[in-house]
Amino acid sequence: MQKKNKENGIEFFVESEKDTELIARRLAKIVQKKDIVALSGDLGVGKTVFARAFINALPGALEEVLSPSFPILQIYERAKVEVYHFDFFRLEKPEDAFELGIEEAFGCAISLIEWPERLDFFLPKKSLEIEISFLGGVTERVIKMSGSKVWSKRIRNI
Amino acid sequence: MLVLGIETSCDETAVAVVNKNRKILSNVILTQIQEHKPYGGIVPELAARAHLKQLHFIIDEAMKKARINFTDITAIAATAGPGLIGGLLVGVTMAKAMASVHEKPFLAINHLAGHALIPRLTDRVKFPYLLLLTSGGHCQLLVVEGADSFNRIGTTKDDALGEVFDKVAKMLGLGIPGGPVVQKCAEAGNSSRFLLPRPMLGRTGCDFSFSGLKTAVRFLIEKFPANRLTSEDIADICASFQLAATEAVVDRTGHAIDICKKNYPRINRLVISGGVAANTKLRRCLKTLTAAKDFQFTAPPIDLCTDNAVMIAWAALEKLNKEQINNKNDDMSFKPRPRWPLSQKNQLI
Numbered sequence: 001m002q003k004k005n006k007e008n009g010i011e012f013f014v015e016s017e018k019d020t021e022l023i024a025r026r027l028a029k030i031v032q033k034k035d036i037v038a039l040s041g042d043l044g045v046g047k048t049v050f051a052r053a054f055i056n057a058l059p060g061a062l063e064e065v066l067s068p069s070f071p072i073l074q075i076y077e078r079a080k081v082e083v084y085h086f087d088f089f090r091l092e093k094p095e096d097a098f099e100l101g102i103e104e105a106f107g108c109a110i111s112l113i114e115w116p117e118r119l120d121f122f123l124p125k126k127s128l129e130i131e132i133s134f135l136g137g138v139t140e141r142v143i144k145m146s147g148s149k150v151w152s153k154r155i156r157n158i
Numbered sequence: 159m160l161v162l163g164i165e166t167s168c169d170e171t172a173v174a175v176v177n178k179n180r181k182i183l184s185n186v187i188l189t190q191i192q193e194h195k196p197y198g199g200i201v202p203e204l205a206a207r208a209h210l211k212q213l214h215f216i217i218d219e220a221m222k223k224a225r226i227n228f229t230d231i232t233a234i235a236a237t238a239g240p241g242l243i244g245g246l247l248v249g250v251t252m253a254k255a256m257a258s259v260h261e262k263p264f265l266a267i268n269h270l271a272g273h274a275l276i277p278r279l280t281d282r283v284k285f286p287y288l289l290l291l292t293s294g295g296h297c298q299l300l301v302v303e304g305a306d307s308f309n310r311i312g313t314t315k316d317d318a319l320g321e322v323f324d325k326v327a328k329m330l331g332l333g334i335p336g337g338p339v340v341q342k343c344a345e346a347g348n349s350s351r352f353l354l355p356r357p358m359l360g361r362t363g364c365d366f367s368f369s370g371l372k373t374a375v376r377f378l379i380e381k382f383p384a385n386r387l388t389s390e391d392i393a394d395i396c397a398s399f400q401l402a403a404t405e406a407v408v409d410r411t412g413h414a415i416d417i418c419k420k421n422y423p424r425i426n427r428l429v430i431s432g433g434v435a436a437n438t439k440l441r442r443c444l445k446t447l448t449a450a451k452d453f454q455f456t457a458p459p460i461d462l463c464t465d466n467a468v469m470i471a472w473a474a475l476e477k478l479n480k481e482q483i484n485n486k487n488d489d490m491s492f493k494p495r496p497r498w499p500l501s502q503k504n505q506l507i
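Protein chains in written order, with the working numbering: chain A, 1 to 158; chain B, 159 to 507.
In C-alpha cells:
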C-alpha cells in the first residue's frame with residue numbers, strides 16, 4: 001500500500017480488499033459523533049467492504065454489515081456512538097433523504113453515506129469525502145480522502 | 159379466525175385479509191391499484207410519506223374486497239421488521255391504532271417469517287423444511303422447524319441476489335427492477351460466451367457472496383468501448399451472469415440439503431420464497447438439484463413470493479394458532495426493528 005499526501009487530503013494506492021479494510025479501521029479510530037463520511041465510487045468498487053470494516057472497528061460487538069442498497073438505511077448501535085449507514089443508490093429525489101432521518105444522523109451519530117452524490121446540495125460541506133476508484137487490476141484501488149482544513153489535519157496520520 | 163395484515167417494510171404498500179382455513183379474502187398491493195390509478199397514480203416511493211398517504215385507502219379497499227368490517231376481524235398484524243424504518247413505523251403505528259380503537263390484539267410480524275411461512279398457506283407444506291429466501295434485500299438458507307422456530311444456516315456476506323440483478327441491469331442501462339429485465343435479456347443470450355466467477359463455489363457451509371460477481375460483470379462491461387455494447391452483447395452478458403449467479407445459488411443450496419440430510423433427517427423438502435424466486439432459470443435449476451438429491455421442491459405462486467401482505471396475515475394466524483390471543487397485549491409496546499434476524503444461530507458452521 002502506498003500513501004501520498006495531497007494539498008487537501010491523502011491518496012492511498014491499495015492492492016487488495018485487506019488494505020481497504022485497514023484504511024477503514026484507521027479512520028474509525030479518529031472519528032467522533034456528528035462526523036459525516038461521504039463514501040463515493042462506482043458499483044462494485046468496494047464501498048460496502050470499507051463500511052463493514054469501519055463499523056466493526058468502532059468499539060462494540062461484531063455486526064453483520066450488509067449492503068444497505070435495499071433498506072437504504074441501517075443503524076448500528078456501537079458501544080459509544082450510533083452509526084447511520086446510508087446507501088442512496090435508490091434515492092430518486094434528494095429531499096426524500098429527510099424522511100430517512102439525515103438530520104437526526106448529522107446531529108447525534110456518525111453518518112456513513114454511500115452514493116452521497118444523490119444528496120446533491122443537502123450533503124453538508126463539513127463532510128469527509130472518500131472516493132474509491134478502480135485502477136486497472138481486479139483488486140487494485142485508489143482511495144482518496146479530502147475535506148475541510150479541519151479534516152485535512154485530522155486525517156493526516158491515517 | 160380472520161386477520162388483517164399490513165406490509166409497508168419497503169416499496170410496496172400492501173394489505174390483505176386471510177382466514178385460518180387458508181382462504182385469501184383480499185390481497186391488495188399498491189402497484190396493482192396503480193394500473194387503475196384511482197388515487198392519482200402516485201408511485202410508491204421510498205419515503206414513509208408515500209405509505210402514509212396510501213395506507214388507509216388500501217385498508218379500505220382490502221376490507222371492501224373481503225366484504226368484512228372490523229367486528230369480523232380477530233386480530234390486526236403488521237410487518238415490524240426488518241426493513242426501512244419509516245415504512246415500518248407507518249404500518250406498525252396504523253395497526254396499533256386500529257387495534258386499540260377496535261379492541262383487537264395487535265401482532266408484530268417479522269417480514270422474513272412471512273416469506274418463510276407462506277408455502278404453508280399455498281402448498282400446505284408441513285414442518286420442518288429447508289427454505290431458500292432470496293429477494294432484493296435478503297439471501298438466506300433457513301431450516302424452518304415451526305412457526306416461531308427458524309435456524310439460519312446460510313446468508314449472504316455482502317449483497318442480496320435481487321440487489322445484484324438490479325445493479326447489473328443498471329450497469330447495462332436496462333433499468334429497474336433488474337430481475338425481470340435481466341431474465342428477459344438472458345433468454346436470447348449465450349450463457350457460455352463469458353466466464354464469470356461462481357462466488358463461494360465448493361466452499362464448506364452455505365453462505366453466499368455476490369459482490370465479487372457484481373464487480374466481475376463491471377470489468378466485463380468495461381472491456382467494451384463505451385456505448386458499443388450491441389443488444390447481442392447485452393443478452394450474452396445477462397445470460398452469462400444469470401448462469402453464474404444460479405450456479406452459485408445451486409451449489410450453496412446443495413450444501414444446505416446435505417447439511418439437512420445429516421442434521422435434520424426429517425427434512426425432505428426445499429421451498430423457495432422471496433422476489434428472486436420468480437426467476438424461472440433459478441426455479442428450473444433448483445428443481446433439477448432437488449430431484450438429483452431426492453428432495454421435494456415447492457415454489458409458491460410468484461405474486462406470493464414477492465412482497466405482499468397475505469404472508470403477514472398468514473404468519474399472524476400461525477402465531478395465533480400457537481399462542482393465547484390474550485397474551486398478545488404486550489405487543490403494543492413493540493418497536494419496529496429495521497434489523498431483525500429470524501435466528502442468529504449458526505450452529506452447524
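Cβ coordinates follow ideal geometry from the N, Cα and C atoms, glycine included.
CB contact below 8 Å: residue i versus chain A
| i | result |
| --- | --- |
| B/R497 | yes |
| B/R310 | no |
| B/N177 | no |
| B/K207 | Reading off the sequence shown, one finds Arg at residue 207 of chain B, where the question assumed Lys. Yes - at least one Cβ of chain A is within 8 Å of the one on B/R207. |
| B/E203 | Because the pLDDT of B/E203 is 43, which lies under 50, any placement of that residue in the model is unreliable, and the question is left without a value. |
| B/T237 | no |
| B/D509 | Chain B is shown from 159 up to 507; residue 509 of chain B falls before or after that span and cannot be answered. |
| B/K445 | no |
| B/T292 | no |
| B/K328 | yes |
Rounded Cβ spacing between residue i and residue j (contact assumed at less than 8 Å)
| i | j | result |
| --- | --- | --- |
| A/E82 | A/A109 | 4 Å |
| A/A57 | A/A28 | 4 Å |
| B/L332 | B/V340 | 7 Å |
| A/N8 | A/S133 | Between A/S133 and A/N8 the Cβ distance is about 17 Å, and since that is not below 8 Å, they are no contact. |
| B/F453 | B/I415 | 6 Å |
| B/A236 | B/K480 | Actually they are not in contact, since the Cβ atoms of B/A236 and B/K480 sit about 19 Å apart, beyond 8 Å. |
| B/F366 | B/T313 | 7 Å |
| A/Q74 | B/R497 | 6 Å |
| A/E21 | B/R207 | With a Cβ gap of about 37 Å, A/E21 and B/R207 do not count as contacting. |
| A/W151 | A/L135 | That pair is no contact at about 24 Å. |
Closer than 8 Å to chain B by CB, residue i
| i | result |
| --- | --- |
| A/I110 | no |
| A/E103 | no |
| A/I130 | no |
| A/L27 | no |
| A/E99 | yes |
Under 8 Å between C-beta atoms of residue i and residue j
| i | j | result |
| --- | --- | --- |
| A/F54 | A/P68 | no |
| B/L279 | B/T166 | no |
| A/E114 | A/L43 | no |
| B/G249 | B/G433 | no |
| B/A233 | B/V468 | no |
| A/P71 | B/L242 | yes |
| A/I36 | A/P94 | no |
| B/R424 | B/P286 | yes |
| B/V283 | B/R427 | yes |
| B/L275 | B/E476 | yes |
| B/A435 | B/G272 | no |
| B/P355 | B/L371 | yes |
Residue ranges of each alpha helix (DSSP H) within the stretch 400-484 of chain B, 4 or longer: 438-450, 460-463 and 468-480
Length at least 4, wholly inside the stretch 27-93 of chain A: the alpha helix (DSSP H) runs in chain order: 47-57
Cβ-based contacts, 9 Å cut-off: residues of the stretch 31-58 of chain A near chain B: D42, L43, G44, V45, G46, T48, V49 and R52
Against chain A: residues of the stretch 354-381 of chain B by CB proximity under 7 Å: S369, K372, T373, R376 and F377
Selection of the stretch 60-77 of chain A by Cβ proximity to chain B, strictly under 7 Å: L66, S67, S69, F70, P71, I72, L73, Q74 and I75
Near-chain B residues of the stretch 137-148 of chain A (beta-carbon distance less than 9 Å), N- to C-terminal order: V138
Positions along the stretch 295-326 of chain B whose CB lies within less than 7 Å of some CB in chain A: G295, T314, D316, D317, A318, E321 and K325
Chain A contacts made by the stretch 238-250 of chain B, where a contact means CB separation under 9 Å: P240, G241, L242, I243 and G244
Completely contained alpha helix (DSSP H) runs for the stretch 321-362 of chain B, where each covers 4 or more residues: 336-345
Secondary structure, alpha helix (DSSP H): runs of 4+ residues fully inside the stretch 217-258 of chain B: none
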